[in-house]
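See below for the structure under consideration.
Residue numbers (the numbering used here): 3 to 541.
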């Protein structure tokens, strides 16, 4: 069974509206338009309310015909739907192939995105507050130091951007700060150049160029001069895409503190890992993050070298669309730490807390077990009930919103059926007189509701509101030869006089009919072809 989950054949509503196959010829499209125009032309009706209904549906028919009768518009609609037609894409005489249309539309989307970004500032910032429990117990205050950093990036044009940043750090009785600017310009499709400068601590000026050497390789070469000691530093970084989810890099620095670094990163949908080795401090570090769900993740990291030996474990949780909280536990030669993090948009608040400089086994165990236990208790009795309540509230709001949309769609379908009624009844009477095809009952909607059949009349549950009587429009669609065909790959809710009574749910169409005085019935899926009468449908 094909469910209405977005995986069905796309962009077929206009075909359903004109009762056409997606492979319909130009002549079939013109014939269908003339047929529907005769039914819905406003001049045929005198009563004001009927004229209003006819005008509304006639406009829908004209719009569908205008798109499907134009070769280029029809190609765009078949590929991208109404979104492609509303994007402002204008095709020239040379853009006749599907590939050319796709390429032109993607180019237009990129241009619009770039225009949107040109007026956008991207701010980022972080605050780090270093706390120390031992110093607090000694009466020296709990604050060890604080650091703040802020940056803002502006897209000046399609190929140029400017980034301004500043940072300030305070530790005990000393402090320092710096301000920097980076101008980035794309000089070619595979090359960019950056000019940078900073004042304050570590003042320098430099230039850096990046070039894509191949489909999987990138190289960066930079040179900078320090105003602090007058030294010149050279940097060279090679990056290589090792697989679809992994990449590696080699970094060479030449200057007063020359070093070589090798790094590796891997990231897929649920996990990420990284490792690096550097000669500057002769250290190795590794990090692994595992995503447990769409809202929570765990992390483990380790560092070993001449200046560090520590292990870090922890996890985080997404508390809103833009905010994530994280808690990490670190133990190493520098002591035992907790670190709390709050990430919101491009802003970060980091609070490392030194619990002890000594590796006390009891304290180390308690520092890990106590917060972990508190977290799981809060998760079970506070966080989870809260999120379930919030999700339930969102679901109710969504149901109310959907119910309003369905109610409006039902009204539109009822209006459309009003105008079909006279013709449908004439066709039905003619078929009855000749013993032809007569639709006696047709129900469209939730497949669970259709399975209940006659029981649906006796219940007042929500399933009863997820079906629609479409007997009249199907009688209208019976041709003069006494046959009815609904095309394959076309969602039936788009047929004139139909609507979607249960968005997001799998739907079916159940039809009962008579032919030559005998009873038949059939049930088909939403996108499935229907051709009647057939002997296989005999009851």
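Cβ coordinates follow ideal geometry from the N, Cα and C atoms, glycine included.
May I ask which residues mark the beginning and end of the beta strand (DSSP E) holding residue 394?
No beta strand (DSSP E) holds residue 394; the alpha helix (DSSP H) holding it covers 386-436.
Run the CB neighbour count on residue 587, radius 10 Å, all protein chains shown included, and call it buried at 16 or more, exposed below.
This structure does not reach residue 587, given that the chain is present from 3 up to 541, and the question cannot be answered.
Quick test of your reading: residue 23 and residue 489, contact by CB under 8 angstroms. State the CB separation rounded to the nearest angstrom.
4 angstroms
With C-beta atoms as the reference, is residue 353 less than 8 angstroms away from residue 342?
Less than 8 angstroms separates the beta-carbon of residue 353 from that of residue 342.
DSSP state of residue 37, grouped into three classes?
Here residue 37 sits in helix by DSSP.
Sufficient close CB pairs (3 or more, under 8 angstroms) joining the segment 480-496 to the segment 393-409:
no
With 16 as the cutoff for other CB atoms within 10 Å, does residue 476 come out buried or exposed?
buried
Close Cβ partners of residue 253 (< 6 angstroms) along its chain, the five nearest in sequence each way excluded
239 and 263
Count the other C-beta atoms from every protein chain shown that fall within 10 angstroms of the C-beta of residue 539, then say buried if there are 16 or more, exposed otherwise.
buried
Between residue 500 and residue 425, which are expected to be in contact by the criterion C-beta below 8 angstroms, what is the C-beta distance as a whole number of angstroms?
The Cβ separation is near 16 angstroms, so there is no contact.
Cβ atoms of residue 14 and residue 447: under 8 angstroms apart, would you say?
no
Assuming residue 220 and residue 241 are in contact, meaning their beta carbons sit under 8 angstroms apart, how far apart are those beta carbons, in whole angstroms?
5 angstroms
By Cβ distance below 7 angstroms, which residues in the same chain neighbour residue 518 in space, the five residues on each side in sequence not counted?
437
Inter-residue spacing [alpha-carbon to alpha-carbon] between residue 480 and residue 398
Their Cα atoms are separated by approximately 40 angstroms.
Let's see if you can read the secondary structure: which residues bound the alpha helix (DSSP H) around residue 294?
Element bounds for residue 294: n/a, residue is neither H nor E.
Which of the three DSSP states, helix, strand or coil, is assigned to residue 179?
strand
So, for residue 411: in the same chain, excluding its five sequence neighbours on each side, which residues have a beta-carbon less than 7 angstroms away from its beta-carbon?
501 and 502
Could you check if residue 67 is buried or exposed, using at least 16 other CB atoms within 10 Å of its CB as the buried criterion?
buried
For residue 200, I'd like the list of residues in its chain whose CB is within less than 7 angstroms of its CB, leaving aside the five on either flank, ordered along the chain.
180, 181, 182 and 206
Does the beta carbon of residue 166 fall short of 7 angstroms from some heavy atom of the ligand NAD?
The ligand NAD is absent from the structure shown, which contains no ligands of any kind.
For a quick check, are the C-beta atoms of residue 529 and residue 492 less than 8 angstroms apart?
yes
Shortest alpha-carbon distance to residue 40 belongs to which of 421, 470, 125 and 535?
Nearest C-alpha to residue 40: 421.
Residue 230, DSSP secondary structure in three states:
coil
Helix, strand or coil for residue 268 per DSSP?
Looking at residue 268 - three-state DSSP - the assignment turns out to be strand.
Of the residues 153, 174 and 170, which one's Cα is nearest the Cα of residue 164?
Among 153, 174 and 170, the Cα nearest to that of residue 164 belongs to 153.
According to the Cβ coordinates, are residue 279 and residue 308 closer than 8 angstroms?
no
Which same chain residues end up closer than 8 angstroms to residue 348 when comparing Cβ atoms and leaving out the 5 residues on each side of it in sequence?
124, 125, 126 and 127
Exposed or buried, residue 427, counting other C-beta atoms within 10 Å across all chains shown (16 or more means buried)?
exposed
Using DSSP's beta-bridge definition, name the partner residues of residue 341.
330 and 354
Below 6 angstroms CB to CB, which residues in the same chain sit around residue 384 once its five sequence neighbours on both sides are set aside?
Correct list: empty, nothing qualifies.
Beta-carbon gap between residue 133 and residue 145 smaller than 8 angstroms
Their beta carbons are under 8 angstroms apart, which means residue 133 touches residue 145 by this criterion.
Residue span of the alpha helix (DSSP H) that contains residue 248, given as start and end:
Premise fails: residue 248 lies in the beta strand (DSSP E), 248-256, not in any alpha helix (DSSP H).
Buried or exposed: residue 387, going by 16 or more other Cβ atoms within 10 Å of its Cβ?
exposed
Do residue 452 and residue 469 have their C-beta atoms closer together than 8 angstroms?
Closer than 8 angstroms, so yes.
Measure the C-alpha to C-alpha separation of residue 378 and residue 178 and round it to an integer number of angstroms.
41 angstroms
If you reduce the DSSP assignment to three classes, tell me which class residue 277 lands in.
strand
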